[in-house]
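Engineer:
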Amino acid sequence: MTLGILVISFLLLTGCNQFVNIKQNSKINYFLNKNSIENTLRDWNNIIQVAAHKYKVEEKLIKSIIYVESSGNPYAKSKSNAIGLMQIKPSAAGMEVYRLNGKKGQPSIKELYNPKININIGTAYISFLEKRLMNIKNKDVMRYATIVSYVNGTSALLKTFSKNRKEAINIINTMTTEDFCTHIKKNIQQFKHLVI
436 MTLGILVISF LLLTGCNQFV NIKQNSKINY FLNKNSIENT LRDWNNIIQV AAHKYKVEEK
496 LIKSIIYVES SGNPYAKSKS NAIGLMQIKP SAAGMEVYRL NGKKGQPSIK ELYNPKININ
556 IGTAYISFLE KRLMNIKNKD VMRYATIVSY VNGTSALLKT FSKNRKEAIN IINTMTTEDF
616 CTHIKKNIQQ FKHLVI
């Protein structure tokens, strides 16, 4: 459910909801609107703004990820050990960001429960993903690809198109936003409940 709600909240925050149509037979109904997202995240706005500026990442994307991943709860922890506001896995995104910053190891659980550190690592990771996907020409497709990569990893996303990274990007560049979303819906399991 998480990936779908992430995309919906991002679309609501950006005002680009023309592609979203939630199936009526869903077991869980989510009531999302821009005001509820903004109210939930107001405590983190200053930290989000600083991180967005530092890493040149859209504030709306950061807010969407926080809203969906933790509902704004800095003490959230998933079954898979994803921690804090942006649900950072210490041994995955955390370790990658540490590596990019020249640090060894991975962030501690205590660090990831700190909203400032969590948002900083999560935003740095988004920036890293955007750089890995920068050859995607359509900005909307790149945004969606970034969201899917945040949840599933860049390799998982690209492998749905081709085992060869360059070929996968070339295939993505031939697609419209709607074609890309349709492909993701068919090929990424967590996206099955949405019609995009």
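Residues in the sequence shown are numbered consecutively from 436, following the numbering used here. Note that the Cβ used here is the ideal one computed from N, Cα and C, for glycine as well.
(1) May I have the straight-line CA-CA distance separating I571 from M521, to the nearest angstrom?
(2) Express the C-alpha separation of K598 and A379 in angstroms, rounding to a whole number.
(3) Can you tell me whether DSSP reads I556 as helix, strand or coil?
(4) With burial defined as no fewer than 16 other Cβ atoms inside 10 Å of the residue's Cβ, what is the status of M569: buried or exposed?
(5) Beta-carbon within less than 6 angstroms of S526's beta-carbon, same chain only, minus the 5 sequence neighbours each way: which residues are those?
(6) Between the beta-carbon of V430 and the beta-carbon of L592, is there less than 7 angstroms?
(7) Give the straight-line distance between the Cα atoms of I523 and G557, rounded to the nearest whole angstrom.
(8) Give every residue of the same chain whose Cβ lies closer than 8 angstroms to the Cβ of I487, excluding the five residues on either side of it in the sequence, and list them in chain order.
(9) According to DSSP, which residues form a beta bridge with K512?
(10) Pull up the distance between the alpha-carbon of T609 and that of A528, whole angstroms please.
(11) To the nearest whole angstrom, what separates the beta carbons of A580 and I623, a pair I think is in contact under 8 angstroms?
(12) Between the alpha carbons of I482 and S590, how many angstroms are there, rounded?
(13) Could you compute how far the alpha carbon of G507 sits from the alpha carbon of I501?
(14) Can you name, in chain order, every residue of its own chain whose Cβ lies under 8 angstroms from the Cβ of N460, other than the five neighbours on each side?
(15) What number of angstroms, rounded off, separates the C-alpha of N480 from the C-alpha of I472?
(16) Return the CA-CA distance between S505 and N549, expressed in angstroms with no decimal places.
Structural biologist: So, from the data block:
(1) 24 angstroms
(2) With the chain covering only 436 through 631, there is no way to say anything about residue 379.
(3) helix
(4) exposed
(5) Q541
(6) Outside the displayed span of the chain (436 to 631) sits residue 430, for which this structure offers no information.
(7) 7 angstroms
(8) Contrary to the premise, residue 487 reads as Ala rather than Ile in this sequence. So the list reads E493, E494, I497, T558, once near-sequence residues are dropped.
(9) I518
(10) 29 angstroms
(11) The Cβ separation is near 11 angstroms, so there is no contact.
(12) 29 angstroms
(13) 6 angstroms
(14) For N460, the predicted model reports a pLDDT of 38, less than 50, meaning its position is unreliable and no value from the coordinates is stated.
(15) 12 angstroms
(16) 13 angstroms
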